[in-house]
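Taking it in order: structure first as structure tokens, then the write-up.
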Amino acid sequence: MAEVTLRKLNKRFDGFHAVKDVDLDIRDREFVVLVGPSGCGKTTTLRMIAGLEAVSDGEIRIDDSVVNEVPPMDRDIAMVFQNYALYPHMSVAANMAFGLKMRKFERSEIDQRIRRAAGILGIESLLDRKPRQLSGGQRQRVALGRAIVRDPKVFLFDEPLSNLDAKLRVQMRVELKKLHERLAVTSVYVTHDQVEAMTLGDRVVVMKDGVVQQVGEPLTLYNNPANRFVAGFIGSPAMNFADVTLRESNGRMAAEADGLRIELPPELAARARAHTGAKAILGIRPENIHVATAGDAPEHCFDAGIEVVEQLGSEILLDTRVGPALFVASIEPTLQVRPHDKLRLALRPERLHLFDAQSEQAI
Ligand code: ATP
1 MAEVTLRKLN
11 KRFDGFHAVK
21 DVDLDIRDRE
31 FVVLVGPSGC
41 GKTTTLRMIA
51 GLEAVSDGEI
61 RIDDSVVNEV
71 PPMDRDIAMV
81 FQNYALYPHM
91 SVAANMAFGL
101 KMRKFERSEI
111 DQRIRRAAGI
121 LGIESLLDRK
131 PRQLSGGQRQ
141 RVALGRAIVR
151 DPKVFLFDEP
161 LSNLDAKLRV
171 QMRVELKKLH
181 ERLAVTSVYV
191 THDQVEAMTL
201 GDRVVVMKDG
211 VVQQVGEPLT
221 LYNNPANRFV
231 AGFIGSPAMN
241 FADVTLRESN
251 GRMAAEADGL
261 RIELPPELAA
271 RARAHTGAKA
281 ILGIRPENIH
291 VATAGDAPEH
301 CFDAGIEVVE
311 QLGSEILLDT
321 RVGPALFVAS
331 IEPTLQVRPH
341 DKLRLALRPE
351 RLHLFDAQSE
361 QAI
């Protein structure tokens with residue numbers, strides 16, 4: 001069993017506050033992904049869990065033991081780095097054996113563990129090679145193998161796929177997922193790639209400026225982002241935003257801007273009512289906008305001027321101007337549209353989001 005608990009975790013570098021009061025309960029066997037833009041403090045958080053960075057304030061527990069002062073070697077964790085950190089002069093087998101030798105494992109036990117890990121990763125035929133004789137994907141497997149042979153309580157991953165080309169990255173992502181299903185070891189994974197976060201994480205932790213913005217299952221973050229930052233960070237293409245004013249007329253709440261008036265569905269209207277007259281940010285994802293049909297209520301339709309048409313084969317992305325806002329819409333790939341066309345679009349009202357203009361928290 002291995003739970004990792006962070007309590008009011010802080011890191012300051014010479015006065016720069018990089019990680020701020022991070023609280024997190026990582027459950028046994030859970031795969032948790034820390035995600036956020038460059039500089040948000042995710043790597044520093046991971047390095048504190050690893051023991052590679054001292055904690056300024058707060059507590060890290062692995063199961064019931066506080067490990068703040070425990071050296072990395074004694075934390076029973078294995079870390080996989082972005083640059084693989086393989087010893088160039090050692091063979092693959094020797095790289096995998098290294099950590100075990102340091103820990104004084106018997107030769108037979110080391111051999112057995114290397115064979116098992118190599119089998120899991122499909123690298124049996126590479127054991128005698130040197131790292132320079134391997135492709136990027138193979139090196140990444142060896143780095144994983146070196147972590148697996150340790151049979152640790154916790155795996156820590158620091159952007160392990162970021163040096164691979166796009167196709168290989170997708171393949172390795174699937175392999176990592178399978179690996180986690182097979183080994184079921186508590187894992188903490190750092191990435192700036194929200195697709196990686198969404199596909200790998202049992203839960204995802206979104207960070208910005210050293211602060212946790214939201215923790216949740218991928219679909220919870222996608223469907224119920226806690227604030228505008230999470231809403232814009234999770235999902236590709238990104239959620240559309242428009243500055244609006246919340247108004248009530250004839251008992252109906254609507255979000256209004258020049259050339260745009262969208263009536264709010266009942267649940268959202270009920271929450272928005274307390275903000276009547278206030279400025280807010282309306283959010284709608286590209287996939288929740290479509291070309292209006294007779295079935296769409298007029299209060300959920302609007303006119304858009306097409307600026308750019310991106311044909312992706314599976315869908316068309318339209319960059320459109322809607323009043324003062326720019327909206328991206330994902331529409332049927334068969335539709336014939338050209339730049340400068342005018343189009344009547346409709347949105348799915350139950351998929352609307354509203355954020356307070358000042359705090360940017362979800363309304
Ligand atoms: P990236 O994806 O670019 O690695 P990150 O979210 O992992 O970003 P961190 O590496 O954790 O971010 O860094 C968080 C902040 O702390 C950054 O502003 C960084 O410049 C700063 N920082 C990190 N390490 C040090 C250090 N040793 N000394 C001073 N500042 C540091």
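Following full-length UniProt numbering, the numbering of the sequence shown begins with 1 at its first residue and continues without gaps.
Cβ coordinates follow ideal geometry from the N, Cα and C atoms, glycine included.
| request: Compute the beta-carbon to beta-carbon distance between glycine 41 and methionine 207, rounded to the nearest angstrom, for a pair I have assumed lies under 8 Å. | output: To locate residue 41, count along the sequence shown from 1; it is residue 41. To locate residue 207, count along the sequence shown from 1; it is residue 207. 6 Å between Cβ atoms; contact.
| Outcome for tyrosine 189 when other beta-carbon atoms lying within 10 angstroms are tallied against a minimum of 16 | For the purposes of this step, residue 189 is identified with residue 189 of the sequence shown, where counting begins at 1. Under this definition tyrosine 189 is a buried residue.
| said: Among Tyr222, Ile110, Leu183, whose alpha-carbon lies nearest the alpha-carbon of valine 195? | reply: As a position in the sequence shown, residue 195 is number 195, starting the count at 1. Between valine 195 and the set Tyr222, Ile110, Leu183, the nearest pair of CA atoms involves Tyr222.
| query | leucine 246 to glutamate 263, Cα distance in whole Å? | reply | As a first step, residue 246 must be located in the sequence shown, where it is residue number 246. As a first step, residue 263 must be located in the sequence shown, where it is residue number 263. Between the alpha carbons of leucine 246 and glutamate 263 lies a gap of roughly 10 Å.
| field | Contact between the segment 70-81 and the segment 140-156 (3+ Cβ pairs under 8 Å) | value | Result yes; three or more Cβ-Cβ pairs closer than 8 Å.
| task | Quick one: measure Cβ to Cβ for phenylalanine 31 and glycine 201, integer angstroms, because I've assumed they're closer than 8 Å. | result | Numbered from 1 along the sequence shown, position 31 holds the residue referred to as residue 31. Numbered from 1 along the sequence shown, position 201 holds the residue referred to as residue 201. Right, their Cβ atoms sit about 6 Å apart.
| message | Taking 7 Å as the limit between beta carbons, can you name the residues of its chain near asparagine 68, skipping five residues before and five after? | response | Here residue 68 corresponds to residue number 68 of the sequence shown, with the count starting at 1. Within the same chain, asparagine 68 has close Cβ partners Val55, Glu59, Ile60.
| 7 Å Cβ shell around alanine 254 - same chain, five flanking residues per side excluded | Locating residue 254 in the sequence shown gives position 254, where the first residue counts as 1. For alanine 254, where only same-chain residues beyond five positions count, the Cβ hits under 7 Å are Arg247, Arg261, Ile262, Glu263, Leu264.
| Pairing CB atoms from the segment 7-24 with CB atoms from the segment 166-186, are three or more of them under 8 Å? | Output reads no: the segment 166-186 does not touch the segment 7-24.
| Could one say the Cβ of leucine 345 lies closer than 8 Å to chain D's Cβ atoms, at least one of them? | This model lacks chain D altogether; it includes just one protein chain.
| query | Touch check for the segment 347-362 and the segment 268-280: three-plus C-beta pairs under 8 Å? | reply | Segments in contact, yes.
| message | If I follow the unbroken beta strand (DSSP E) through glutamate 69, where does it start and stop? | response | Here the question's residue 69 lines up with position 69 in the sequence shown. Counted as a single uninterrupted DSSP element, the stretch harbouring glutamate 69 is not any beta strand (DSSP E), since DSSP gives it neither H nor E.
| field | Residue range of the beta strand (DSSP E) that includes arginine 321 | value | The residue you call residue 321 lines up with position 321 of the sequence shown. DSSP places arginine 321 inside the beta strand (DSSP E), whose first and last residues are 316-322.
| message | I need the DSSP call for lysine 42, collapsed to helix, strand or coil. | response | Translated into positions along the sequence shown, residue 42 becomes position 42. Lysine 42 falls in the helix class under three-state DSSP.
| If you run the structure through DSSP and keep just helix, strand and coil, what is histidine 192? | Position 192 of the sequence shown, counted from the start, is the residue given in the question as residue 192. In the displayed model, histidine 192 falls within coil according to three-state DSSP, outside both helix and strand.
| request: Assuming histidine 275 contacts isoleucine 331 (C-beta within less than 8 Å), just tell me the rounded distance between them. | output: Within the sequence shown, the letter at position 275 stands for residue 275. Within the sequence shown, the letter at position 331 stands for residue 331. That pair is no contact at about 31 Å.
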